[in-house]
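Participant: The sequence shown runs contiguously to residue 241 in my numbering. Below is a structure I'd like to ask you about.
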Amino acid sequence: MNDSLRWLGEHCYEPPGKVPGMRGGVSLTAVRGLPVAELLGRLRAREEEMAAPVRYRDFDFSAVTPSLRPCMYGTSGEWSYVLEGSGSSTWYERWFYDDSVVKPLPGEDLVCLNPNIAVQPCWLAYTPGGDGAVWFTEFGESPLSSRKVDTTGKVAALDEALRAAGAVNPGPPEFGSTPEWVSFLDEHHGGLPAVVWQAVGDGLGIRIPRTDVEEGNLPIALLDDPFA
14 MNDSLRWLGE
24 HCYEPPGKVP
34 GMRGGVSLTA
44 VRGLPVAELL
54 GRLRAREEEM
64 AAPVRYRDFD
74 FSAVTPSLRP
84 CMYGTSGEWS
94 YVLEGSGSST
104 WYERWFYDDS
114 VVKPLPGEDL
124 VCLNPNIAVQ
134 PCWLAYTPGG
144 DGAVWFTEFG
154 ESPLSSRKVD
164 TTGKVAALDE
174 ALRAAGAVNP
184 GPPEFGSTPE
194 WVSFLDEHHG
204 GLPAVVWQAV
214 GDGLGIRIPR
224 TDVEEGNLPI
234 ALLDDPFA
């Protein structure tokens, strides 16, 4: 499917710059029911690009300083989303920088897929509404392994989607070790990030058009770097 998220995981470790838009090292931050302008505001996007949207491929990147991170943004059904091609996620980094602006509000559904290329591992962050608590899961693990209580049932539903896609390590007797399982996914299923991205997209109903992302047809915004 052209708008499944699987392809973003398949190209997780590909160096950026091979297409006019984004393909390698992409992160996703999405919130259900929040206008995309508000999501960008939480991530501290500059107002200039938001006020006069320009396609990513048409933007003059010579004006981008190291303190700014380009992103694309859009909507999928009830979800607003932001894509970054830097190998990490601004939302994720601001969360661990204890920036209260990005903390989900009670009742909000948020998901973040962070490739975390520089230091590994890849991380899945999910807020299933409720009290706004965030569940962090390393790729390959079950989100239900957290000590938090899933009062909404949404974490269990996401766990089911991950398991159905083969994105949770089944362990023995199927696989004797995690490296053995990861090698199996690399050989037969496009890699662990591919099945995680597919499960999240399918499980949460998020669709993003591959052609528009790769060709840079989505609008650009510039986010303040959390560490600048």
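Glycine included, each C-beta is placed from N, C-alpha and C at the ideal position.
Buried or exposed for residue 239, going by 16 or more other Cβ atoms inside 10 Å?
Facilitator: As a working note, residue 239 is residue 226 in the sequence shown. Under this definition residue 239 is a buried residue.
Participant: Rounded to whole angstroms, what's the CA-CA distance from residue 83 to residue 234? Just pull it up for me.
Facilitator: By 1-based counting over the sequence shown, the position of residue 83 is 70. By 1-based counting over the sequence shown, the position of residue 234 is 221. So the alpha carbons of these two residues sit roughly 6 Å apart.
Participant: Determine contact between the region 100–110 and the region 63–70, defined as no fewer than three beta-carbon pairs at a distance below 8 Å.
Facilitator: No, the region 100–110 does not touch the region 63–70.
Participant: Which parts of the region 181–213 are runs of the alpha helix (DSSP H), unbroken and 4 residues or longer, counting only runs that do not cross its ends?
Facilitator: If we require 4 residues or more, the alpha helix (DSSP H) runs fully inside the region 181–213 come out as 191–201.
Participant: Looking at C-alpha atoms only, which residue of 162, 136 and 160 is the closest neighbour of residue 150?
Facilitator: Numbered from 1 along the sequence shown, position 137 holds the residue referred to as residue 150. Measuring from the Cα of residue 150, the nearest candidate turns out to be 136.
Participant: How would you call residue 105, buried or exposed, if buried means at least 16 neighbouring beta carbons within 10 angstroms?
Facilitator: Your numbering for residue 105 matches position 92 in the sequence shown. With 16 or more other Cβ atoms within 10 Å, it is buried.
Participant: Is residue 175 near residue 209, with beta carbons less than 8 Å apart?
Facilitator: Residue mapping note: residue 175 aligns to position 162 of the sequence shown, counting from 1. Residue mapping note: residue 209 aligns to position 196 of the sequence shown, counting from 1. Yes; because the gap between Cβ atoms is below 8 Å, this pair is in contact.
Participant: Pick out whichever of 107, 225, 241 and 217 has its Cα sitting closest to the Cα of residue 71.
Facilitator: Locating residue 71 in the sequence shown gives position 58, counting from the first residue. Nearest C-alpha to residue 71: 225.
Participant: Inspect the beta-carbon positions of residue 94 and residue 221 and report whether they are closer than 8 Å.
Facilitator: Locating residue 94 in the sequence shown gives position 81, counting from the first residue. Locating residue 221 in the sequence shown gives position 208, counting from the first residue. In contact: residue 94 and residue 221 (Cβ atoms closer than 8 Å).
Participant: List the whole-angstrom C-beta distance separating residue 207 from residue 27, where the pair is believed to meet the contact cut-off of C-beta under 8 Å.
Facilitator: For the purposes of this step, residue 207 is identified with residue 194 of the sequence shown, where counting begins at 1. For the purposes of this step, residue 27 is identified with residue 14 of the sequence shown, where counting begins at 1. With a Cβ gap of about 12 Å, residue 207 and residue 27 do not count as contacting.
Participant: With a threshold of 7 Å on Cβ separation, who are the neighbours of residue 129 within its own chain once the five nearest residues in sequence on each side are excluded?
Facilitator: For the purposes of this step, residue 129 is identified with residue 116 of the sequence shown, where counting begins at 1. So the list reads 101, 135 and 136, once near-sequence residues are dropped.
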